[in-house]
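Here is the structure we will look at.
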Amino acid sequence: MKAIKIDLKENSYNVYISEIAKLKELKEIHHSKILIITNPKVSALHIQKILPNLENKEVFICTLKDGESYKNMQSIEAILDNAFIHKLDRKSLIIAFGGGVIGDMSGFAAGIYQRGIDFINIPTTLLAQVDASVGGKTGINNAFGKNLIGIFHQPKAVYIDTNFLSTLNKREFRAGISEIIKMAVCFDKDFFSFLENANLLNSKEDLEKAIIKSIQIKADIIRKDERESGIRAALNYGHTFGHVIELLENYSTYLHGEAVSLGIIKANRLALKLGKISQNESDRILNLLKKYNLPTEYEVKDKNDFYKKLFLDKKSQNDKLRFILPNGIGAFEIVENPPKDLVLEALG
Ligand SMILES: NC(=O)c1ccc[n+]([C@@H]2O[C@H](COP(=O)([O-])OP(=O)(O)OC[C@H]3O[C@@H](n4cnc5c(N)ncnc54)[C@H](O)[C@@H]3O)[C@@H](O)[C@H]2O)c1
Ligand SMILES: [Zn+2]
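Going left to right, the sequence shown walks through residues 564 to 911 as the working numbering numbers them.
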């Protein structure tokens, strides 16, 4: 069993990469009362695989509707109601069992129920395994935008079992890979080369290696900047442009990871114009996204409107535009307020 430590002093925890069915005892689960949060799809496919690990516990299951559109206050109330009905107390545990949507909501509910109880993440999508399940960002969407309500609440442990991914559809799987590529571009050129040479992460070995590497990168970032006052912002490479694309397409045309891929291409065009990357480096990133069948072409219809919408990004502060741009492959730079004409040109 491999474990990666997320080192946050008294909030430290382990991310285990292992087949959960083989872990008879989950040492972090010492709680007697447990509420599992999941959705109908994940529950039908996989919940039987985790229940044997929780024998001798009082286990309740709260099944929420599936989808980003249910990542809202109503679902949080449903979780909290369940917690009250089953009389969870300060020593009880919430387990998030699903993708990033379930993870973000479970963590948020756990963080506010009786001013905070323990929670554990068992992520079942690639995106959640490499990114969302680690780092303690939790929350929901509302009419004003995505993830605008939430808290930092670190899990007590994260259990990653790549077997869950066997039922994930190919498109969801690929969307997770764009977050992996994001980490490689900004932080690790050897990891980038590994992804260039790997056989589409089809083998369990390569897949585990990519997941472990991504979590190690994220672990290092969180240790240095838990609350995103600096370097953690680098995880938003491709996201400033990608979020606008998601918004313009009503969150329906592209999966988040696909929009990030499109956003990475726009960010690279800007980086190229600012001399942060060479044409060759930009081509390598483009080719890597293409290799993993991620979309790379998005035509901006109204560039001025797109530009205005860039300011809605949470990372923009005091009306300043901030972009995370690659600085070669394996490093990044935060660029504030680049000339508007260059941004417009980067839109294509
Ligand atoms: N907290 C963070 O740091 C962080 C980071 C990145 C993303 N996020 C959030 O994560 C969310 C996206 O997560 P996601 O991409 O996992 O989406 P998701 O949770 O909606 O899951 C995608 C789909 O896959 C299904 N699914 C889950 N596991 C499955 C499995 N094993 N087999 C078959 N189907 C399965 C789900 O039911 C859903 O239909 C967004 O809300 C985003 O804001 C959070
Ligand atoms: Zn993302």
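We put the beta carbon where it would ideally sit given N, CA and C, even for glycine.
Original post:
Say the cut is 6 Å; is the CB of A797 nearer than that to a heavy atom of ligand 1?
Top reply: No, Cβ of A797 sits at least 6 Å from all heavy atoms of ligand 1.
**OP:** Go through its chain and collect everything with a Cβ distance to G793's Cβ below 8 Å, but skip five positions before and after it.
**Re:** K787
Original post:
Buried or exposed: where does T816 fall if 16 or more other Cβ atoms within 10 Å of its Cβ makes it buried?
Top reply: exposed
Subject >> 8 Å contact criterion, which L758 and A773 should meet: CB distance rounded >> reply: 7 Å
Subject >> Cβ-Cβ distance between K872 and N900 below 7 Å >> reply: no
Original post:
What three-state label does DSSP hand D788 in the structure shown?
Top reply: coil
Subject >> Proximity test, V823 beta-carbon vs ligand 2 heavy atom, cut-off 6 Å >> reply: yes
Original post:
Near S777, which residues of its chain fall below 6 Å by C-beta distance, leaving aside the five closest residues on each side in sequence?
Top reply: V693, I743 and M746
**OP:** Quick one: grab the DSSP three-state call for K839.
**Re:** In the three-state DSSP reduction, K839 falls in the coil class, being neither helix nor strand.
Original post:
CB of L711 to nearest heavy atom of ligand 1: below 6 Å?
Top reply: no
**OP:** Find the nearest neighbour of S595 within the set I828, N602, N577 and E621, judged by alpha-carbon distance.
**Re:** Nearest option by C-alpha distance: E621.
**OP:** Report yes if the CB atom of A672 is closer than 7 Å to the CB atom of L627, and no otherwise.
**Re:** no
Original post:
For G659, which three-state DSSP category applies?
Top reply: Before going on, a small fix: residue 659 reads as Ala here, not Gly. It is a strand residue.
Original post:
At a cut-off of 6 Å, is V721 close to ligand 1 when judged by its beta-carbon and the heavy atoms of the ligand?
Top reply: no
**OP:** Kindly provide the ranges of any alpha helix (DSSP H) runs that are 4 or more residues long and lie completely inside the segment 814-873, ordered along the chain.
**Re:** 819-836, 842-854 and 866-873
Subject >> Within the segment 661-720, ranges of the alpha helix (DSSP H) (whole runs, at least 4 residues) >> reply: 663-675
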